[in-house]
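I have placed the structure first, in the form of structure tokens, so that the comments after it can refer back to it.
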Amino acid sequence: AIPLVVAISTSLSAVHGLLIRNRTAFENARKLTTIIFDKTGTLTKGSHEVQAVMPLTGRFTADELLQYVAAIQQNSEHHIAHGIMRKLKEKNLELWKSDNFNYIQGVGVTGKVKGKEVVAVGPNYFKQENRQQPVIPAEIDQSISTVNFVLIDNEPVGIITLADGIRETAAAAIASLKAMHIKSFLLTGDNEQVAAAVATQLKMDGYLANVLPHEKQQKIKEFQDKGEIVAMTGDGVNDAPALAQADVGIAIGSGTDVAAETADIILVNSDPKDVVQMIAFGKATYRKMV
Ligand code: ADP
Ligand code: MG
Numbered sequence: 334a335i336p337l338v339v340a341i342s343t344s345l346s347a348v349h350g351l352l353i354r355n356r357t358a359f360e361n362a363r364k365l366t367t368i369i370f371d372k373t374g375t376l377t378k379g380s381h382e383v384q385a386v387m388p389l390t391g392r393f394t395a396d397e398l399l400q401y402v403a404a405i406q407q408n409s410e411h412h413i414a415h416g417i418m419r420k421l422k423e424k425n426l427e428l429w430k431s432d433n434f435n436y437i438q439g440v441g442v443t444g445k446v447k448g449k450e451v452v453a454v455g456p457n458y459f460k461q462e463n464r465q466q467p468v469i470p471a472e473i474d475q476s477i478s479t480v481n482f483v484l485i486d487n488e489p490v491g492i493i494t495l496a497d498g499i500r501e502t503a504a505a506a507i508a509s510l511k512a513m514h515i516k517s518f519l520l521t522g523d524n525e526q527v528a529a530a531v532a533t534q535l536k537m538d539g540y541l542a543n544v545l546p547h548e549k550q551q552k553i554k555e556f557q558d559k560g561e562i563v564a565m566t567g568d569g570v571n572d573a574p575a576l577a578q579a580d581v582g583i584a585i586g587s588g589t590d591v592a593a594e595t596a597d598i599i600l601v602n603s604d605p606k607d608v609v610q611m612i613a614f615g616k617a618t619y620r621k622m623v
């Protein structure tokens with residue numbers, strides 16, 4: 334039987350923007366020592382706006398690059414893909430057809446457009462392929478830009494930069510956790526400079542960058558092996574294994590279904606500050622029981 338006080342709190346929690354799917358995990362919330370946050374779509378809005386499209390060769394114009402990439406990104410649910418599609422529309426460019434779409438988790442997308450092999454990926458691609466990454470022009474500030482590379486028929490032909498905004502309540506959430514003596518870390522598949530900039534701006538305890546999806550779960554386990562009680566907060570398909578591994582898995586409401594289905598608790602309003610609510614609420618609930 335569910336103790337009455339828990340039942341009441343669980344239904345009340347809906348009012349506070351929390352959907353509790355797993356009561357045992359909710360009970361662990363008051364014991365948390367560390368919270369790991371995914372970056373894109375979790376601490377940031379995931380509202381990637383294209384800033385620049387830069388050809389690296391004379392083969393394709395900026396608009397053509399956008400069209401090749403959009404042709405494959407129309408099949409992707411990633412925030413980057415949505416930003417690319419908005420830019421294409423804004424520029425009134427024709428959307429081309431593609432086939433052989435493939436998503437390489439935490440890396441990017443590939444497909445065939447007008448008989449050419451098109452690849453749109455982040456820096457992880459070059460790490461995975463054990464290949465030299467094209468030089469990123471000095472004018473690109475990597476602390477605020479997500480850098481995407483375009484390869485056509487295996488030749489790097491362009492760079493697309495996108496910018497994302499930090500959620501308004503993220504800094505307050507981290508500060509409140511700190512006051513509760515809970516450490517916070519950033520975990521992302523994005524590059525080192527972006528990760529460092531966000532973690533510093535939000536005064537987090539540290540960050541882990543260039544982390545591939547299967548490595549995210551491993552990172553959670555490493556914290557647990559050190560004796561930490563860990564919550565993971567994420568929104569993406571790529572976060573699901575880490576959400577399952579964590580003592581408390583927390584999904585952002587606006588995120589993917591896979592993340593929500595794997596999580597113990599869902600932040601209905603997609604507000605990172607509700608993590609703080611959740612912990613306070615867990616403490617209040619179980620204090621009454623003992
Ligand atoms: P995060 O861990 O911050 O949520 P992801 O694991 O979803 O980020 O993605 C990691 C990186 O993989 C992105 O920063 C990007 O470089 C690349 N990537 C993922 N999906 C796409 C896509 N659809 N198009 C281009 N690049 C992508
Ligand atoms: Mg994410």
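Everything in the sequence shown is counted per the UniProt record's numbering, starting at 334 for the first residue and increasing by one. In this text, a Cβ means the ideal position worked out from N, Cα and C, and glycines have one as well.
If you look at Leu389, you'll find it isn't in any alpha helix (DSSP H); DSSP assigns it neither H nor E. Under the Cβ criterion (8 Å, minimum of three pairs), the stretch 502 to 520 does not count as touching the stretch 427 to 440. For Met565, DSSP records a beta bridge to Ile369 and Gly582. Contact between Gln475 and Gln526 holds: CB atoms are separated by about 4 Å, below the 8 Å threshold. Nearest neighbour of Asn408 by Cα position, chosen from Leu389, Ile437, Asn425 and Pro388, turns out to be Ile437. A Cβ-Cβ distance of about 6 Å is found for the pair Leu535 and Ala503, placing them in contact under the 8 Å criterion.
When DSSP states are grouped into helix, strand and coil, Glu555 belongs to the helix group. Looking from the CA of Ile405, the closest CA among Arg392, Glu450, Asn524 and Ala564 belongs to Glu450. Sequence-distant Cβ neighbours of Val490 in its own chain, meaning closer than 8 Å and more than five residues away, are Pro388, Leu389, Thr390, Arg392, Phe393, Leu398, Val483 and Leu484. Not one heavy atom of the ligand MG sits closer than 7 Å to the Cβ of Gly439. A straight line joining the alpha-carbon of Val386 with that of Ala579 spans about 38 Å. In this structure, the straight-line span from the alpha carbon of Gln550 to that of Arg363 is close to 22 Å. The bridge partners DSSP lists for Ser517 are Ile368. In the three-state reduction of the DSSP assignment, Val544 falls in the coil class, being assigned neither a helical nor a strand state. Distance check between Ala471 and each of Val608, Thr494 and Gly586 places Thr494 closest, using alpha-carbon atoms only. In chain order, the residues with a C-beta atom nearer than 5 Å to some heavy atom of the ligand MG are Asp371, Thr373, Gly374, Asp568 and Gly569.
According to the DSSP assignment, Glu488 belongs to the beta strand (DSSP E) that extends over Glu488 to Ala496. Per DSSP, Lys449 lies in no alpha helix (DSSP H); the unbroken beta strand (DSSP E) holding it starts and ends at Lys449 to Val454. The C-beta of Lys559 has fewer than 16 other C-beta atoms within 10 Å across all chains shown, which makes the residue exposed.
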